[in-house]
Amino acid sequence: MKSYAFEYTRVSSLDEALECLKEDEEANIIAGGQSLMPMLAMRLAAPSRLVDIGGLKELRGIEVAENCVRIGALARHVEVLNSDVISSSVPLLARAIREVAHPAIRNRGTFGGSVCLADPAAEIPAVCVALNAAFEVAGPDGRRMIPAREFFVDVYETALLPGEVMIAAELPVSVPGDRVAFHELARRHGDFAIVGVALRGNILENILQELDICVFGASSSACLAPTAARELVGIPFSLEAVEAACASLSQVLVPQEDAQATSEMRCHLARVLLRRGLADLMNNEALR
Numbered sequence: 145m146k147s148y149a150f151e152y153t154r155v156s157s158l159d160e161a162l163e164c165l166k167e168d169e170e171a172n173i174i175a176g177g178q179s180l181m182p183m184l185a186m187r188l189a190a191p192s193r194l195v196d197i198g199g200l201k202e203l204r205g206i207e208v209a210e211n212c213v214r215i216g217a218l219a220r221h222v223e224v225l226n227s228d229v230i231s232s233s234v235p236l237l238a239r240a241i242r243e244v245a246h247p248a249i250r251n252r253g254t255f256g257g258s259v260c261l262a263d264p265a266a267e268i269p270a271v272c273v274a275l276n277a278a279f280e281v282a283g284p285d286g287r288r289m290i291p292a293r294e295f296f297v298d299v300y301e302t303a304l305l306p307g308e309v310m311i312a313a314e315l316p317v318s319v320p321g322d323r324v325a326f327h328e329l330a331r332r333h334g335d336f337a338i339v340g341v342a343l344r345g346n347i348l349e350n351i352l353q354e355l356d357i358c359v360f361g362a363s364s365s366a367c368l369a370p371t372a373a374r375e376l377v378g379i380p381f382s383l384e385a386v387e388a389a390c391a392s393l394s395q396v397l398v399p400q401e402d403a404q405a406t407s408e409m410r411c412h413l414a415r416v417l418l419r420r421g422l423a424d425l426m427n428n429e430a431l432r
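Sequential numbering of the sequence shown, starting at 145, is according to my numbering.
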């Protein structure tokens, strides 16, 4: 399908991009274009103008900052995949990024694009929620930080205000005792997940001191499961506690039903993947 006619502006600075968005409220940012261009072709989006920020070097890069790793919004997925900083400091992201789409898409798609699309089945938003990351955004009123756990509002809906642009993400670095796990189920490798889980735990003497469980692909956005985590924190690890945690998932999930899976199947798969994730976290083969 061919896209409809629209204006195109390639900007050379962030300020210029913000000015374009201020001038035209129907304008849309484009960078890698791996999601937006198909949406334009299928008439699922109809911006009056595309503001291309792909050339802004200030929005690129991956670096270690104070107690966090800062990932520029224009960092491509392949750069995250190949980054030694990510593999050593943010192991959950290093594990999840391998599941993002296919090489051709990873070569063009951007970290910020995945975040701002807010697809409920996407891996990167789930990792950001699990790790309690934060996003720096710029807009007409200056810059601000938005916690990832407040950023994803609904299907393809975020807390970005009109005229705002994501600048970077800040993900906390791994600390001693941290362990992570990531599992998803898709029809084919690279497809959007039917359901998935991202886990970060901190373990001392084989007891979970902290645990964050994020389920994605099962609700309108990636969501935490704090009731499930509470079943496992601060007590000796046991199969009974795992079953109690899995049973409590239904308290937070509002599973979608589509051609890929029923809502009941998604709940079941979420429990299965949570068991597998906990098996990884605790090195417990009995759970697999």
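Using N, Cα and C, we set each Cβ at its ideal position, and we do this for glycine too.
Bounds of the beta strand (DSSP E) holding G216 are C212 to G216.
For T153, the enclosing beta strand (DSSP E) has its first and last residue at E151 to R154.
Under the three-pair Cβ rule at 8 Å, the stretch 238–253 does not count as touching the stretch 294–306. Inter-residue distance for A149 and L184 is about 10 Å (C-alpha atoms, whole angstroms). In this chain, D424 is not harboured by any beta strand (DSSP E); it is covered by the alpha helix (DSSP H) spanning S407 to M426.
Nearest neighbour of E349 by Cα position, chosen from A362, A313, P380 and N276, turns out to be P380.
DSSP, read as helix, strand or coil, puts F296 in strand. With respect to the 8 Å criterion, A337 and L329 are classified as neighbours on the basis of their beta carbons. Apart from the 5 residues on each side of it in sequence, A274 sits with its Cβ closer than 6 Å to the Cβ of A342, R344, D356 and C358 in its chain, given in chain order. With fewer than 16 other Cβ atoms inside 10 Å of its own Cβ, R288 counts as exposed. If you compare the alpha carbons of R410, S407 and R420 with that of L383, the shortest gap goes to R420.
A straight-line Cα-Cα distance of about 13 Å links V224 and L315. With a beta-carbon spacing of about 7 Å, I174 and V195 fall inside the 8 Å limit used to define contacts. If you draw a straight line from the Cα of S258 to the Cα of I197, it comes to about 15 Å. Per the coordinates, the alpha-carbon of R220 lies some 6 Å from the alpha-carbon of N251. Per DSSP, N251 is one residue of the alpha helix (DSSP H) stretching across P247 to R252.
Between S179 and E151 the beta-carbon gap is near 20 Å, outside 8 Å, which marks them as no contact.
With a cut-off of 8 Å on Cβ pairs, the stretch 406–417 is not in contact with the stretch 303–315, counting fewer than three such pairs. Between the alpha carbons of I347 and A325 lies a gap of roughly 13 Å. A direct Cα-Cα distance of roughly 44 Å separates A388 from G283. Sorting V377, A372 and R415 by C-alpha distance to the C-alpha of G361 places R415 at the top.
V324 carries a strand assignment under DSSP once its states are collapsed to helix, strand and coil.
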